[in-house]
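In the numbering used here, the protein residues as written are 9 to 128. C-beta atoms are modelled at their ideal positions from N, C-alpha and C, and glycine is treated no differently. Structure, as structure tokens:
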DNA sequence: GGTTTGACCATAA
DNA sequence: CTTATGGCCAAAC
């Protein structure tokens, strides 16, 4: 198909940095989902890229461990060591996990607030 | 520059 | 509850 006009494209190239920006704004003791981050970027369909971006993220300012899946569970595809580390980091922030490795998304789920950017 | 992949999500069975 | 399938689109090969 022909090239998009730009405004049609739901995600911008190099959207990695946007993912990092949103994740950086996740407060301590709070978590968010890949879909929420993707939605904050303008496209809930790109949830996969959010996780992929975090997988490639090596920045220490990005609390990637505060990003989980919509099931309230830590995601690990092929590397369970990461999930173990993630749970440890979250517990250090005061987040408790269930026996099934899940947490209370109902209370801990955080969304990107556009007003926060204006008022800082 | 086409193919594969990937830390997902929603739906169905 | 779990497992399976389709879809979505950018980055890596």
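1. Quick check for students: name the residue ranges of the alpha helix (DSSP H) that lie wholly in the region 79 to 118, counting only runs of 4 or more.
2. Select from 60, 76, 56 the residue whose C-alpha is nearest the C-alpha of residue 41.
3. Pop quiz: residue 70 and residue 26 are said to be a contact at Cβ under 8 Å. What is the actual Cβ separation, rounded to whole angstroms?
4. Could you tell me the alpha carbon to alpha carbon distance between residue 23 and residue 54, rounded to whole angstroms?
5. Please identify the residue among 102, 68, 72 whose C-alpha is closest to the C-alpha of residue 58.
This is what the structure gives:
1. With a minimum length of 4 residues, the continuous alpha helix (DSSP H) runs that stay inside the region 79 to 118 are 88 to 100, 113 to 116.
2. When only C-alpha atoms are compared, the closest one is 76.
3. 12 Å between Cβ atoms; not a contact.
4. Roughly 10 Å between the two C-alpha positions.
5. For residue 58, the closest of 102, 68, 72 by C-alpha to C-alpha distance is 72.
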